[in-house]
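Going by the working numbering, 454 is the number at position 177 of the sequence shown; the sequence numbering is gapless. Below is one structure, written out as structure tokens; comments come after it.
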Amino acid sequence: MTDKLIKLGIPAGSLQDATAELFKKAGYTIKFSSRSYYPEIDDPEIECMLIRAQEMARYVEQGVLDAGITGYDWVLENNAHVHEVCELMFSKVSRRPVRWVLCVPNDSPVQTVKDLQGKRIATEVVGLTRSYLAKHGVTAQVEFSWGATEVKPPKLADAIVEVTETGSSLRANNLRIVDEVLQSTTRLIANNAAWNVPSKREKLENISLMLKSCLAAEGKVGLLMNVRRVDLANILQQLPALQKPTVASLSDPDWVDVNTIVDESYVRMIVPRLKAAGATGIVEYPINKIID
Numbered sequence: 278m279t280d281k282l283i284k285l286g287i288p289a290g291s292l293q294d295a296t297a298e299l300f301k302k303a304g305y306t307i308k309f310s311s312r313s314y315y316p317e318i319d320d321p322e323i324e325c326m327l328i329r330a331q332e333m334a335r336y337v338e339q340g341v342l343d344a345g346i347t348g349y350d351w352v353l354e355n356n357a358h359v360h361e362v363c364e365l366m367f368s369k370v371s372r373r374p375v376r377w378v379l380c381v382p383n384d385s386p387v388q389t390v391k392d393l394q395g396k397r398i399a400t401e402v403v404g405l406t407r408s409y410l411a412k413h414g415v416t417a418q419v420e421f422s423w424g425a426t427e428v429k430p431p432k433l434a435d436a437i438v439e440v441t442e443t444g445s446s447l448r449a450n451n452l453r454i455v456d457e458v459l460q461s462t463t464r465l466i467a468n469n470a471a472w473n474v475p476s477k478r479e480k481l482e483n484i485s486l487m488l489k490s491c492l493a494a495e496g497k498v499g500l501l502m503n504v505r506r507v508d509l510a511n512i513l514q515q516l517p518a519l520q521k522p523t524v525a526s527l528s529d530p531d532w533v534d535v536n537t538i539v540d541e542s543y544v545r546m547i548v549p550r551l552k553a554a555g556a557t558g559i560v561e562y563p564i565n566k567i568i569d
């Protein structure tokens with residue numbers, strides 16, 4: 278059991294609930310307690326620990342954790358040498374990448390990063406910001422921000438580098454984006470030594486498979502219908518699908534069963550067309566996982 282036990286870091290804070298929800302869809306139930314940093318999980322081969330996403334990559338690199346879930350941005354910020362098991366396209370609000378952006382007040386004369394030569398920039402990602410400035414040949418004073426970064430310009434900083442998903446907080450604080458520093462998505466990462474243990478690698482690959490299958494299924498549903506063979510060609514022309522629809526013979530040789538997967542948002546448009554083309558017994562059913 279010890280060789281296969283995975284010490285898994287769960288991101289505390291903004292990603293915590295989204296991570297638990299994804300694991301639940303994948304078949305793992307994680308239970309949090311307000312008094313403990315060790316959540317319970319219904320898998321005896323996994324031991325969870327709550328760690329801030331900002332620190333996760335460092336503890337995984339050091340081997341304190343075998344694996345963890347954190348953002349690509351924090352792997353870079355910590356300059357952590359870890360193995361990336363997979364990319365997981367989810368965040369606290371959406372299924373889109375988050376963006377680290379260079380921002381200034383709306384009335385600032387700054388138009389490009391070059392205009393920040395010698396200026397003060399506040400951010401939580403000091404390393405990423407310094408690398409970005411160096412790439413553009415700009416020297417500026419980069420200060421670590423403990424929070425509420427959006428309120429610092431113009432009195433406490435000339436510009437900020439801040440993370441955003443929707444941009445609403447930036448707009449609310451009268452900030453405009455000068456440039457994008459980095460796009461980041463969530464990653465499942467592993468300690469290099471742990472990844473080289475066959476039993477742990479197998480376990481992490483299985484976790485990765487299940488998590489990715491749930492994300493792949495989001496927004497998808499299955500459609501099942503009965504179709505006369507004479508109408509089959511017309512029906513198939515109506516159907517978009519991940520792969521070709523499955524067509525199975527029925528006891529009546531004149532009829533077939535058609536099974537396919539479509540975007541849920543497309544159902545309201547396609548079902549009337551399928552019915553008009555001769556499909557009967559149309560059933561929509563949920564899709565929990567898609568495994569290629």
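C-beta atoms are modelled at their ideal positions from N, C-alpha and C, and glycine is treated no differently.
Does the distance from the C-beta atom of residue i to that of residue j stay below 8 Å?
{"i": "residue 393", "j": "residue 435", "result": "yes"}
{"i": "residue 284", "j": "residue 343", "result": "yes"}
{"i": "residue 560", "j": "residue 501", "result": "yes"}
{"i": "residue 531", "j": "residue 505", "result": "yes"}
{"i": "residue 359", "j": "residue 473", "result": "no"}
{"i": "residue 404", "j": "residue 356", "result": "yes"}
{"i": "residue 548", "j": "residue 498", "result": "no"}
Residues in its own chain within less than 6 Å of residue i by CB, not counting five upstream and five downstream?
{"i": "residue 302", "result": "491"}
{"i": "residue 566", "result": "490, 491 and 494"}
{"i": "residue 568", "result": "490"}
{"i": "residue 471", "result": "343 and 477"}
Just mark residue i as buried or exposed, buried being the case when its beta carbon has 16 or more other beta carbons within 10 Å.
{"i": "residue 422", "result": "buried"}
{"i": "residue 464", "result": "buried"}
{"i": "residue 278", "result": "Caution applies to residue 278, whose pLDDT of 45 falls short of 50 and renders its modelled position unreliable; the value that the coordinates give is listed next. Residue 278 comes out exposed."}
{"i": "residue 389", "result": "exposed"}
{"i": "residue 315", "result": "exposed"}
{"i": "residue 335", "result": "buried"}
{"i": "residue 372", "result": "exposed"}
{"i": "residue 483", "result": "exposed"}
{"i": "residue 457", "result": "exposed"}
{"i": "residue 401", "result": "buried"}
Could you name the residues of the same chain whose beta carbon sits closer than 8 Å to that of residue i, not counting the 5 residues immediately before and after it, in chain order?
{"i": "residue 375", "result": "348, 350, 368, 440, 441, 442, 460, 461 and 462"}
Residues in the same chain with beta-carbon distance under 7 Å from residue i, minus the five sequence neighbours each way, listed in chain order, please.
{"i": "residue 399", "result": "420, 422, 426, 429, 433, 434 and 437"}
{"i": "residue 382", "result": "430, 431, 451 and 452"}
{"i": "residue 282", "result": "322 and 324"}
{"i": "residue 507", "result": "none"}
Per DSSP, what are the beta-bridge partners of residue i in this structure?
{"i": "residue 469", "result": "The partner list for residue 469 (beta bridge, DSSP) is empty, contrary to what the question assumes."}
{"i": "residue 567", "result": "Residue 567 is not bridged to any residue."}
{"i": "residue 526", "result": "533"}
{"i": "residue 562", "result": "499"}
{"i": "residue 397", "result": "418"}
{"i": "residue 363", "result": "465"}
{"i": "residue 513", "result": "Looking at the DSSP assignment, residue 513 forms no beta bridge with any residue, so it has no partner."}
{"i": "residue 327", "result": "287"}
{"i": "residue 292", "result": "Its beta-bridge partners do not exist; DSSP assigns none."}
{"i": "residue 304", "result": "Answer by DSSP bridge pairing: none, since residue 304 is not bridged."}
Taking 7 Å as the line, does the beta carbon of residue i fall inside it for any heavy atom of the ligand SAH?
{"i": "residue 429", "result": "Only the bare structure without any ligand can be found here, which leaves the ligand SAH out of the picture."}
If contact is defined by three or more beta carbon pairs under 8 Å, each pair taking one atom from either stretch, is the region 409 to 424 in contact with the region 349 to 365? no
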